[in-house]
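Taken in order, these protein sequences are the chains called A and B.
Each position in the first sequence, counted from 1, maps to that position plus 7 in our numbering.
Each position in the second sequence, counted from 1, maps to that position plus 5 in our numbering.
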Amino acid sequence: EVQLVESGGGLEQPGRSLRLSCAASGFTFDAYAMHWVRQAPGKGLEWVSGISWNGDAVGYAASVKGRFTISRDNAKNSLYLQMNSLRAEDTALYYCARSSGWYEYWGQGTLVTVSS
Amino acid sequence: EIVMTQSPATLSVSPGERATLSCRASQSITSNLAWYYQKPGQPPRLLIYGASTRATNTPARFSGSGSGTEFTLTISSLQSEDFAVYYCQQHNNWPYTFGQGTKLEI
Chain A
8 EVQLVESGGG
18 LEQPGRSLRL
28 SCAASGFTFD
38 AYAMHWVRQA
48 PGKGLEWVSG
58 ISWNGDAVGY
68 AASVKGRFTI
78 SRDNAKNSLY
88 LQMNSLRAED
98 TALYYCARSS
108 GWYEYWGQGT
118 LVTVSS
Chain B
6 EIVMTQSPAT
16 LSVSPGERAT
26 LSCRASQSIT
36 SNLAWYYQKP
46 GQPPRLLIYG
56 ASTRATNTPA
66 RFSGSGSGTE
76 FTLTISSLQS
86 EDFAVYYCQQ
96 HNNWPYTFGQ
106 GTKLEI
């Protein structure tokens with residue numbers, strides 16, 4: 008069974024940092040690209056970042072470029088999102104998702120709240 | 006960035022009726038479009054990818070069509086569990102982008 012479990016969310020002040028993790032199991036992790044998608048409270052889905060199977064290709068939404076860094080550790084079946092210079096508008100539920108272009112598998116999400 | 010526009014924002018339909026949801030891309034995405042639905046407190050669930058291919062366990066009452074810039078999701082006979090928010094997503098180019106959603110309500 009495919010499982011994606013996010014962690015690392017919480018309440019943080021504007022300008023500070025958080026690191027999200029996503030632990031994957033039930034599939035060959037290094038065969039898939041992995042992405043982060045977020046959803047602000049009561050709002051729609053927003054693609055945040057993606058990384059290729061081997062980490063050679065990464066992409067970011069304009070809203071987070073220069074502040075967030077995506078990475079992965081295939082030996083640990085884990086995906087990460089380093090979030091720096093946090094802003095109030097980064098407040099959202101952050102999902103990791105397995106990408107085949109589309110997202111067949113999603114985690115339950117980890118909530119990030121940015122507030123002073 | 007490719008902008009995805011869904012219509013209508015809200016669709017009111019009775020159980021057993023047919024529902025048609027639309028999604029438009031700001032430029033051609035060939036057939037690289039997915040549909041999801043989401044219920045409160047749950048992650049999105051994939052329904053359709055490649056514009057018309059049903060995902061595993063997607064009921065046959067769901068069908069997707071279109072190519073280029075115009076796409077449609079049709080639900081042939083609405084069941085109670087189908088009332089949710091539906092999103093389209095283009096998977097043609099990074100940044101992948103989602104539509105703003107269509108709320109399907111009773």
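Don't be surprised by glycine CBs; every beta carbon is placed ideally from N, CA and C.
Everything numeric in this text was worked out from a predicted model, so none of it was measured.
Only ALA39, PRO48, PRO49, LEU51, TYR54 and ALA60 from the segment 38–61 of chain B bring a Cβ to less than 7 Å from some Cβ of chain A.
Listed by position along chain A, the residues whose Cβ is nearer than 7 Å to that of GLY71 (chain B) form an empty set, because the closest Cβ is around 15 Å away. Burial state of ILE53 (chain B) is buried, judged by a 10 Å Cβ sphere holding 16 or more other Cβ atoms. With 16 or more other Cβ atoms inside 10 Å of its own Cβ, ILE80 (chain B) counts as buried. Contact annotation for GLU8 (chain A) against chain B: no contact, minimum CB-CB distance about 13 Å [criterion: below 9 Å]. The shortest C-alpha to C-alpha distance from SER107 (chain A) to any of A:ILE58, A:LEU52, A:GLU8 and A:LEU93 is the one to A:ILE58. Taken through DSSP and simplified to helix, strand or coil, LYS72 (chain A) comes out as coil. GLY69 (chain B) and ALA39 (chain B) have their C-alpha atoms spaced approximately 9 Å apart.
Taking each of B:ALA89, B:THR25, B:SER33 and B:THR63 in turn and checking the Cα distance to LYS108 (chain B), the smallest one comes out for B:ALA89. The DSSP-derived three-state label of ALA38 (chain A) is helix. Residue range 17–19 is occupied by the beta strand (DSSP E) that includes GLU19 (chain A).
Following the DSSP letters along the chain, one finds PHE76 (chain B) inside the beta strand (DSSP E) bounded by residues 75–80. Put simply, the CB of TYR91 (chain B) is far from chain A, with every gap to its CB atoms at 8 Å or more. Sequence-distant Cβ neighbours of ALA95 (chain A) in its own chain, meaning closer than 7 Å and more than five residues away, are PRO21, VAL121 and SER122. The three-state reading of DSSP puts ASP80 (chain A) in strand, counting E and B together. The CB of TRP113 (chain A) comes closer than 7 Å to the CB of PRO48 and PRO49 in chain B, given here in chain order.
Only residues of its own chain outside the window of five on either side were considered, and among them ARG29, ALA30, SER31, GLN32, SER33 and ILE34 have a CB closer than 8 Å to the CB of THR74 (chain B), listed in chain order. Within chain B, PRO48 have C-beta atoms less than 7 Å from the C-beta of TYR102 (chain A), given in sequence order.
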